[in-house]
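Everything on this sheet refers to the single structure shown next.
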Amino acid sequence: MAPAVPRIADGRKSFMHMHSLNWLAILVAAISTMVVGFLWYSPLLFANAWVREMGYDPNDKARMNEMKKSAGPAYAGSLLASIVSAFTLALILHGLRAESAHFGLMVSFHVWLG
């Protein structure tokens, strides 16, 4: 049976050190995901099409205000999911010892691909 904590060739235990992750990069990745989402669903891009396809009437102010009130928890959940995704990708890249942007992008693409 394999040990719960893998060992390096010389017998030392190999642990993932959380302090060796780039926490700033994880936070920037999560925030950039949110920024892209805000732009995607803004009137600059696809907000009007989204409202129309969801069957909402943009002139129904009561319904629009109700949607705005419930947006806070949705944004918080989305931010949490973005942080978890960025953290998971950072763990994968750290485990693979990704040292170049090209390798990181290739791994990220394959993770996205599924």
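The working numbering runs 5 ahead of the 1-based position in the sequence shown. Virtual Cβ for every residue (Gly too), placed ideally from N, Cα, C.
Asked	Found
C-alpha gap between Ala52 and Met59, whole angstroms	10 angstroms
Exposure label - Ala67; buried when at least 16 CB within 10 Å	exposed
Distance between Tyr46 and Trp55 (C-alpha atoms, nearest Å)	8 angstroms
CB of Met39 within 8 angstroms of CB of Ser113, strictly	no
Buried versus exposed call for Leu147 [16 or more other C-beta atoms within 10 Å across all chains shown]	With the chain running from 6 to 119 in the structure shown, residue 147 is simply not present.
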